[in-house]
Amino acid sequence: MKNRRIGGIILTALLFVVALITIVPFIWMFISSFAPNSEIVKVTGGLFPKPSTLANYVSIQEKFNFLRLFINSLVVAGLKTGIAIYTSAVLGYVFSKMRFRGRNLLFGVVMSTMMIPWAVTIIPQYEMFTNWGLQDTYTSLVLPGMISAFGIFLFRQSISGISDELIEAAKLDGASETRIFHSIILPMSHNTIAALAIFTFLWNWEDYLWPFLMITDEKKQLLAVGLKAFNGQYGTDYGGLFAATSLAIVPVIIVYMIFQKQFIAGIATGSGK
Amino acid sequence: MKNKNGESLLSRIFTLRNMAVTFLVVYFAVFLAYPIIKAFAGSLHDWNPLVGTYDWVGFDNFKQILTDKLFWSSMWNTAVFAGVSTVFRIVLGLGLALLLSAKLVKCKDTLRGLFYMPTITPLVAVSFVWMWMFDPQFGMVDKVTGLDINWLHDTKWAMPAIIIMTIWKDFGYATVLYLAGLMNLPRDVYEAAAIDGANSVQIFFKITLPLLKSTTLFIVITSLISYLQAYVQILVMTEGGPGTSTYTISYLIFDQAFQKYNFGVASAQAVILFLFTGVLTLIMFKISGDSEDLA
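These protein sequences, in sequence, are chains A and B. Counting in the numbering used here, the first sequence runs from 1 upward without gaps. Counting in the numbering used here, the second sequence runs from 1001 upward without gaps.
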């Protein structure tokens, strides 16, 4: 018994060492973001530069209006995530609990859209949105992301686990489909919502190509594109880049921490049979 | 106009179901079906939006691509990148999931959170972090390993460097999916195996691995599809270089479409990628035997 417990402690300790090695790049970036450039590029120094200043954080705001890009990304990614979760939940409900002609065919189409490379649709979409005069509007960013096949798939899996009797009972009480969805299905799907929130927010937050193509106005630009542009312009301002990159990962980590408890459960119902 | 339940005709037409399905179909028609048709049509044209050309050329774009050395080296790079990344993602992901699911291990939530961190951080950001990690002057990789490699500026090492970064970024996804899969495994099978005196290696290969088949298949397919489309880490870390040593098919398409504005050629390459992805996915399903596993 005692041996097993010691074995457990050793295994846990080993896993923590591996975990720390895994996140070393983040620690290194974070520490470096508080160091002056001369300290970062020092050849003779130790593994980590000495943190001593907040100047990098001040300079990224002055040099490329970091806060503006950050808020733009927050608004766009937040909005897109909300919309995608809502439409996925509705369609997941429709596909799992309602009958209509062509249901399985349509669901097959939904699933197969997951293997369509972005490269196929992006050129025509680019032409389409440019013709519609939607460049430099957030409409152009929100429109193409309103449906998530992955989301529909996850919700269909989890909602099919909700008992039909519950829904029938609500119908007998005179509740409409819309009402059943909002007051029964949606609250019972919180695990799936959490899992999808993490993924969708991340995908929208890191999306590069579409905002790069659609937004040319610097004031409206998103963070992922801004970071690359900043690197092109101030490629040797490592401190500034470290600071900007550190801040760029903060929101996704916060979203993850908020939803992580339900996250594994959400994935489990999604991938389970 | 009311039926026996007191619902008006309008409320029977504008149901949640009808509206949702209509929305989905219209959305697919506008943002998927039309663009796909347009991409196929565009692949047969000399299409350049800057010059304003859209002229029929038949299969000339395809002929040009299939005789282009860069296309074939990009395909080869893509195969290496996707293959190696997928294998490591699965091996590391499964290994860690098995360790993390062991009863003896404490602080599982914290550990899982730490291992998952690379996966939940934006790709553009971590591509930058690794670009500096691989810096020969102040980067951590050379400092820790004692190697003297200029990773991202060496034609031999640039692709391995991108693959290392990608594996680091992505193994957490496989870990989480495998953890979920392990949670769903039936307990009684393990108890029976233990009674029969099976050792842990036998249990892993005879029971755990086969039972995780659908999870593995899901990870392999989603990994291959996403790696065939990967370009962000390449755009940030090497821009295809040095030379053209890290061009992948999707980076090549990005380059043709939005740096050279050869929409026709890019569309033809995209069509090839599309067909390739489709065939690959079909093969994966056939190999696995039952396509029911995913639905």
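Note that beta-carbon positions come from the ideal geometry of N, C-alpha and C, so glycine has one too. Note that the structure is predicted; figures quoted are calculated from it, not measured.
- DSSP places Tyr1190 (chain B) within a helical segment (H, G or I) once states are collapsed to three.
- Per DSSP, Trp203 (chain A) is one residue of the alpha helix (DSSP H) stretching across 190-206.
- Take the alpha-carbon of Ile159 (chain A) and the one of Ala1180 (chain B): they are about 18 Å apart.
- Per DSSP, the beta bridge partners of Tyr1054 (chain B) are B:Trp1047.
- In this structure, Ile10 (chain A) lies away from Leu1114 (chain B), with their beta-carbon atoms at least 8 Å apart.
- Under the 8 Å criterion on CB atoms, Gln1229 (chain B) is classed as interfacial with respect to chain A.
- Using a 10 angstroms sphere on the CB of Pro1186 (chain B), the tally of other CB atoms stays under 16, which defines it as exposed.
- Under the DSSP assignment, Asn104 (chain A) falls in the alpha helix (DSSP H) whose first and last residues are 103-112.
- When the beta-carbon positions are compared, Ile1167 (chain B) and Phe1088 (chain B) come within less than 8 Å of each other.
- Interface criterion met: the Cβ of Leu91 (chain A) is under 8 Å from a Cβ in chain B.
- Going by DSSP, Asn37 (chain A) is part of the alpha helix (DSSP H) stretching over 37-40.
- With fewer than 16 other CB atoms across the displayed protein chains lying within 10 angstroms of its CB, Ser183 (chain A) is exposed.
- In chain order, Lys80, Ala84, Asn204 place their CB closer than 7 Å to the CB of Gly145 (chain A), counting only its own chain and leaving out the 5 sequence neighbours on each side.
- Against Arg4 (chain A), the close residues of chain B are Leu1104, in the order they occur along the chain (beta-carbon pairs closer than 8 Å).
- Distance from the CA of Gly174 (chain A) to the CA of Ile185 (chain A), rounded to the nearest whole angstrom, comes to 16 Å.
- For Pro1160 (chain B), the enclosing alpha helix (DSSP H) begins and ends at 1158-1183.
- Residue range 1034-1042 is occupied by the alpha helix (DSSP H) that includes Pro1035 (chain B).
- Excluding its 5 nearest sequence neighbours in each direction, Phe155 (chain A) has C-beta neighbours in its own chain below 6 Å: Ser88, Ala89, Gly92, Thr192, listed in chain order.
- Proximity of chain B to Gly7 (chain A) at the Cβ level (cut-off 7 Å) is accounted for by Leu1104, in chain order.
- In the three-state DSSP reduction, Thr81 (chain A) falls in the helix class (H, G or I).
- With 16 or more neighbouring CB atoms inside 10 Å of its own CB, Arg1017 (chain B) falls in the buried class.
- Rounded to the nearest whole angstrom, the C-alpha separation of Lys1156 (chain B) and Ser1245 (chain B) is 8 Å.
- With a threshold of 8 Å between beta carbons, Ala1194 (chain B) makes no contact with chain A.
- Going by C-alpha positions, Ala1194 (chain B) is about 16 Å away from Lys1103 (chain B).
- Nearest to Gly1146 (chain B) by C-alpha distance, out of B:Asp1135, B:His1153, B:Asp1154, is B:Asp1135.
- Listed along chain B, no residue sits closer than 7 Å to Gln221 (chain A) by beta-carbon distance, the nearest being about 13 Å off.
- Ranking A:Phe199, A:Leu202, A:Val94, A:Ala13 by CA distance to the CA of Leu1024 (chain B) puts A:Val94 first.
- Put simply, the CB of Leu213 (chain A) is near chain B, with a gap under 8 Å to one of its CB atoms.
- Not a single C-beta of chain B is nearer than 8 Å to the C-beta of Glu168 (chain A).
- Burial state of Trp1072 (chain B) is exposed, judged by a 10 Å Cβ sphere holding fewer than 16 other Cβ atoms.
- Taking a Cβ-Cβ cut-off of 7 Å, the neighbours of Tyr1027 (chain B) in chain A comprise Met146, Ile147, given in sequence order.
- For Gln1137 (chain B), the nearest CB of chain A lies under 8 Å from its own CB, placing it at the interface with that chain.
- Judged by DSSP in its simplified three-state form, Thr1119 (chain B) adopts helix.
- For Gly1113 (chain B), the chain A residues whose Cβ falls inside 7 Å of its Cβ are Gln260, in order along the chain.
- Met1165 (chain B) and Trp1130 (chain B) have their C-alpha atoms roughly 7 Å apart.
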